[in-house]
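Participant:
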Amino acid sequence: IADEWAKPELGSGCVKITPAHDPNDYDVGHRAGLPMINILNPDGTLNAESGKYQGLTIRKARTQVVEDLEALGLMVEIEDREIDLAHSDRSKTPIEPYLTDQWFVKMDQLAQSAMEAVTDGRVRIIPDRYAKGYLDWLSEKRDWPVGRQLWWGHQIPIWTQQFSNSAAARTEASRLNSLPAAIAGDLRAEVEEPDLVHACIRQESDNSLASELEASGYVRQEDVLDTWFSSALWPHSTLGWPEKTPELEYFYPTSTLITSRDIITLWVARMVLMGLNNMGQVPFREVYIHPKILDGFGETMSKSKGNGVDPIDVIDKFGPDALRLGLAWLATEMQDVRMPVQFECPHCETAINQTKQNRELPTISCPKCNQSFSTQWARTPQDKALKKAPVVSERFEVARNFCNKLWNAARFAMLNLEGFKPQNLAIDQLPLEDRWILSRLSTTIQQASEAIENYHHSHAVRLLYDFAWDEFCSYYVEMAKPRLQAATTRAQTQQVLIHVLDQLLRLLHPVIPFITEAIWQQLAQFGATRTIGGRAEDQMWLMRSEWPTPNLSHQDPTMEAQFARFASVLGALREIRSRQNIPPKAELPFTVTCDSATATLLEPMAPFFKSLAGALPTGLGSGFATPDMAATASVEGMEVTVDLGQFIDVEAELVRNQKLFENLSKQIAGKQAKLGNESFVSRAPVEVVDKERASLADLQQQLSTVSTALEKLSASK
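If you number the sequence shown the way the numbering used here does, the last residue is 702 and the count never jumps.
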């Protein structure tokens, strides 16, 4: 056979060709007009086409063929070759294709209708790049094999009978197609030459028609429909179709389908073509293709690999809200996400990283407590008797901490809302911090809403996370504490506090529904009128409340920029305090070297440096002398300088740095002597010599730093 599939680079000689047992051979067979000979039975044994090997399993038949070739003296050489051999995910056994008769759906018109739905904009696939794969696959218009030989599924609604000859079969088909049921569109018969008649019933529940066919000698097909055929009916079959139910009229078509790229062709395309065929409308207007969560090795998580995170285990350890928030936090807009997976020892709760080696073991020994635990692969009674390890990921820790932070902030707010009465506030008369948090709230609502509308879910979650954690909890709540204790400012502060908390709960509810609903129920005790503007909330349940809308009159970009600069300086002060091990209660005197415009922005924030960072600004602007003992940090065009003189024991630091100077000097002398040895430099590997030179340079840099510190310490005595 002369064919393009021949691979001369693999060698010369004769090879078998099996059009009925290999997809590539099948194509060759079609091109060359070869007979399609199936040598397998459904149970995996060889059939009568195999001659004396009939009845043997595939494995035994292969062994027997080799033995027979050797006995005949025809075996020249046996060579090991590595080949791609597909295995079943569930049984782990090799897949052996073989040709059988199957039911197909003719795809030409159906595929064309589904393609046009995307090209004319009735269905939009997001991101747009995934539309190409959808269209390319449908453009092949290959007929769809829908029959499956399984024990479960929708049984194909076709009844079959064989007749004595083709004339009798055609007569029977004509008879069936002239029946009232056929004229009404509930029955259709066709002839499969030469003598088979197939009858399809529109309504499977039409028992009278089925009984009539079976009484006439028809037998229903045992095959069931492909899972994806049944799944393609989902958008309308779940709503009562083919009946015209109120649910079907109201919910079909829906707005958005969210799914994975793996099943764009398997499911999305088929839902579209099935909806157009059965309903005359597309089933949804937009399809959002989300990224995939992979394991730490970049592999798709699956039960068969044992590398997936069990959501129940995550919920037990971190909570259901942390699961949702953690996934939304990790997910990117386009790229897949890697999530390292750990076993958690059920004895000591140690996290043990999952590897390609241990993820399929039935039992594992904990390296910390030395006790064994079982995994999902435990099969023997002895293994199953061991405690089973949860499969989790430490990536959810951030989400759990956020939920705790929100709960504590809400608890603080409600402890300080006693006596709350709705206030009519003049926004422009509010203190700076109130106007800032209201501006940030409105901006966050606007940005998060836009992100969600454009399917930028991760961006929306990070916006809400930053607002809730940094701006509301870490800044505003801390600023509000003294004002809540003062009779003159308490009522005003309560109104702003409850307004922001009310709106924040609405924003976070889709991501962390349980904790926000619980807080909402508690917030109801302070009345229905909680937001600025005096509108009463008439919904008992947060899940039914309105999504917040931005109040543009609250937005003040200048003030937000002012607070952003303030937050940068605050972060620098906290970093310096941590780096220099300065006691938390010690007041930090500092200056900020910046331009006059920035100084003007920072001046009104001076009181908050004391309350939030325990720091005292001694100068904002330019022209400040640097203290002899100082720590500095550069942030966004500003230089933050803290005077460390009062925090350092000069004598102790002199002793410590002198010892460090001597130690570094000795190490440098040793390195220089080693590198000055021509024998070492010429004989040692280049990378070893380079490493020694880099080490010497690092030590010299450390010595320079220590020397400068000694000079400053000596000058300050």
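For glycine and all other residues, C-beta sits at the position ideal for the given N, C-alpha and C.
Considering only the beta carbon of each residue, do L555 and L597 sit closer than 7 Å?
Facilitator: Yes, they are a contact pair.
Participant: Kindly indicate which residue of N292, P347 and S427 has the alpha-carbon position closest to the one of Q339.
Facilitator: Of N292, P347 and S427, the residue nearest in Cα terms is N292.
Participant: Report yes if the CB atom of V108 is closer than 7 Å to the CB atom of V267, and no otherwise.
Facilitator: In contact: V108 and V267 (Cβ atoms closer than 7 Å).
Participant: Quick check on the DSSP output: the alpha helix (DSSP H) that includes D368 runs from which residue to which?
Facilitator: Per DSSP, D368 belongs to the alpha helix (DSSP H) from P366 to K369.
Participant: Within the same chain, show all residues whose beta-carbon is closer than 7 Å to that of F499, passing over the 5 residues directly before and after it, in chain order.
Facilitator: Cβ neighbours of F499 beyond the five flanking positions: P305 and D306.
Participant: Rounded to a whole number of angstroms, what is the C-alpha to C-alpha distance between D208 and R133?
Facilitator: The straight-line gap from Cα to Cα measures roughly 5 Å.
Participant: Output the boundary residues of the alpha helix (DSSP H) element that contains F236.
Facilitator: Taken as a continuous stretch (DSSP letters only), the alpha helix (DSSP H) holding F236 covers P231 to F236.
Participant: G260: buried (16+ other C-beta within 10 angstroms of its C-beta) or exposed?
Facilitator: Under this definition G260 is a buried residue.
Participant: Pick helix, strand or coil for C458, following the three-state DSSP scheme.
Facilitator: Helix.
Participant: In the structure shown, what three-state DSSP assignment does Y115 receive?
Facilitator: If DSSP states are grouped into helix, strand and coil, Y115 belongs with the helices.
Participant: Any chance you could list the alpha helix (DSSP H) runs of at least 4 consecutive residues sitting entirely within the region 240 to 291, in chain order?
Facilitator: List check, alpha helix (DSSP H) in window: 254 to 264.
Participant: On the DSSP letters alone, give me the boundaries of the beta strand (DSSP E) that G604 sits inside.
Facilitator: Start and end: A600 to G606.
Participant: Residue ranges of each beta strand (DSSP E) run of no fewer than 3 residues wholly in the region 62 to 133, ordered along the chain?
Facilitator: Qualifying beta strand (DSSP E) stretches, in chain order: 109 to 111.
Participant: Just confirm the distance between the C-beta atoms of E157 and V182, as a whole number of angstroms; I'd bet it's less than 8 Å.
Facilitator: Yes, they are in contact, since the Cβ atoms of E157 and V182 sit about 5 Å apart, within 8 Å.
Participant: Determine contact between the region 437 to 448 and the region 374 to 385, defined as no fewer than three beta-carbon pairs at a distance below 8 Å.
Facilitator: No: the two stretches stay apart, fewer than three of their Cβ pairs being nearer than 8 Å.
Participant: Can you give me the start and stop residues for the alpha helix (DSSP H) that V485 sits inside?
Facilitator: Per DSSP, V485 belongs to the alpha helix (DSSP H) from R475 to L493.
Participant: Between R468 and S443, what straight-line distance do the alpha-carbon atoms span, to the nearest angstrom?
Facilitator: Taking the straight line joining both Cα atoms gives about 35 Å.
Participant: Would you decide whether S289 is buried or exposed? Buried here means 16 or more other CB atoms lie within 10 Å of its CB.
Facilitator: Exposed, because fewer than 16 other Cβ atoms sit within 10 Å of the Cβ of S289.
Participant: Contact between the region 117 to 136 and the region 163 to 178 is defined here as three or more beta-carbon pairs at a separation below 8 Å; is this criterion met?
Facilitator: Judged by Cβ distances under 8 Å, the region 117 to 136 makes no contact with the region 163 to 178, as fewer than three pairs qualify.
Participant: Quick check on DSSP: helix, strand or coil for I422?
Facilitator: Of the three classes helix, strand and coil, the one that applies to I422 here is helix, per DSSP.
Participant: Between the Cα of Y237 and the Cα atoms of V176, M256 and I143, which residue gives the shortest distance?
Facilitator: Comparing Cα-Cα distances from Y237 to each of V176, M256 and I143, the minimum goes to M256.
Participant: Provide the residue(s) that pair with H183 in DSSP beta bridges, ordered along the chain.
Facilitator: In DSSP, H183 forms a bridge with T145 and E175.
Participant: Please classify M319: does DSSP put it in a helix, a strand, or coil?
Facilitator: It is coil, neither helix nor strand.
Participant: Can we say the region 587 to 594 touches the region 521 to 540, given the rule of at least three CB pairs closer than 8 Å?
Facilitator: The answer is no - the region 521 to 540 does not touch the region 587 to 594, with fewer than three Cβ pairs under 8 Å.
Participant: What's the C-alpha gap between M324 and T429?
Facilitator: Computed Cα separation, rounded: 28 Å.
Participant: With respect to the beta strand (DSSP E) encompassing N338, which residues constitute its N-terminal and C-terminal limits?
Facilitator: Per DSSP, N338 belongs to the beta strand (DSSP E) from A336 to N338.
Participant: Quick one: what's got a C-beta closer than 8 Å to V51's C-beta in the same chain, skipping five residues either side?
Facilitator: Around V51: M60 and I63.
Participant: With respect to the beta strand (DSSP E) encompassing L576, which residues constitute its N-terminal and C-terminal limits?
Facilitator: It should be noted that the sequence gives Thr, not Leu, for residue 576. Segment L573 to T578, the beta strand (DSSP E) holding T576.
Participant: Output needed for N566: all residues of its chain with C-beta closer than 8 Å, excluding positions within five of it in sequence on either side, in chain order.
Facilitator: So no residue of the chain qualifies.
Participant: Does the Cβ of E531 have 16 or more other Cβ atoms within 10 Å, making it buried, or fewer, making it exposed?
Facilitator: The residue in question, E531, is exposed, as its Cβ has fewer than 16 Cβ neighbours within 10 Å.
Participant: State yes or no: is the C-beta of Q371 within less than 7 Å of the C-beta of S350?
Facilitator: In the sequence as displayed, the identity of residue 371 is Leu instead of Gln. No, these two residues do not count as a Cβ contact at 7 Å.
Participant: Can you tell me where the beta strand (DSSP E) holding I349 begins and where it ends?
Facilitator: That run of the beta strand (DSSP E) goes T348 to S350.
Participant: State whether the region 92 to 108 contacts the region 16 to 29, with contact taken as three or more CB pairs (one from each stretch) at a distance under 8 Å.
Facilitator: They do not touch, by the three-pair rule.
Participant: Let me check one thing: in DSSP terms, what residues is T514 bridge-paired to?
Facilitator: BP columns for T514 point to A521.
Participant: Between T690 and D683, what straight-line distance do the alpha-carbon atoms span, to the nearest angstrom?
Facilitator: Answer to the nearest angstrom: the Cα atoms are 11 Å apart.
Participant: With distances taken from CA atoms, which of A195, G106, R447 and N386 is nearest E271?
Facilitator: Measuring from the Cα of E271, the nearest candidate turns out to be G106.
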